[in-house]
Amino acid sequence: MSDPLFGVHGKALELRSQRLSLLASNIANAATPGYKARDIDFTKALKQAAGANGVSAGQAADANVQYRVPLEASLDGNTVELSTEQNQFAENAVKYRTTLSFLEGRINTVMQALKGE
43 MSDPLFGVHG KALELRSQRL SLLASNIANA ATPGYKARDI DFTKALKQAA
93 GANGVSAGQA ADANVQYRVP LEASLDGNTV ELSTEQNQFA ENAVKYRTTL
143 SFLEGRINTV MQALKGE
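For the sequence shown, position 95 matches number 137 in our numbering, and the numbering has no gaps at all.
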């Protein structure tokens, strides 16, 4: 169930944070033989976390982690494509900041209302 004050944005922020960690791990392991790149299906995870079934954002993220299929096969079995991971990381970081800005605006509005401004 979504929070009446923040809506789904609180869970979205938590999911984006977890996705950033996962993408950073992929980037860090770009040269590790046999490492399999993973990512969160954000849309599915958010729907699951925002549902009325009581699933936390962390549980939804864990349930929706998928292995990334590389465009080109690597001889050492590593499926990290650095350019793809960097692009996904940058895009997710922008969306994280946008969600954070929305929440900051909401908090500032509530603070002004509490102060009677």
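Note that the Cβ used here is the ideal one computed from N, Cα and C, for glycine as well.
Would you give the residue range spanned by the alpha helix (DSSP H) that residue i belongs to?
i, result
"V152", "L124 to K157"
"D34", "With the chain covering 43 to 159 only, the question about residue 34 has no answer from this structure."
Among the options, which has the Cα closest to the Cα of residue i?
i, options, result
"A91", "Q128, K78, H51 and L113", "H51"
"R135", "V97, G93, A54 and G96", "The question names Arg, but residue 135 is Ala in the sequence shown. Of V97, G93, A54 and G96, the residue nearest in Cα terms is A54."
"P112", "N106, L57, Y77 and T140", "Y77"
"N106", "D81, N129 and T126", "D81"
"P46", "Y138, A73, L145 and R61", "L145"
Residue range of the beta strand (DSSP E) that residue i falls in?
i, result
"R58", "Unbroken run through R58 is the alpha helix (DSSP H), H51 to A70; no beta strand (DSSP E)."
Keeping to the same chain, check which residues put their C-beta closer than 6 Å to that of residue i; ignore five residues upstream and five downstream.
i, result
"K86", "N106"
Cutting at 8 Å between CB atoms, please list the residues of its own chain near residue i, excluding the five before and the five after it.
i, result
"L88", "V50, K53, A54, L57 and A102"
"R61", "D81, I82, F84, A103 and N134"
Where DSSP assigns a beta bridge to residue i, which residues make up the other side?
i, result
"Y109", "R80"
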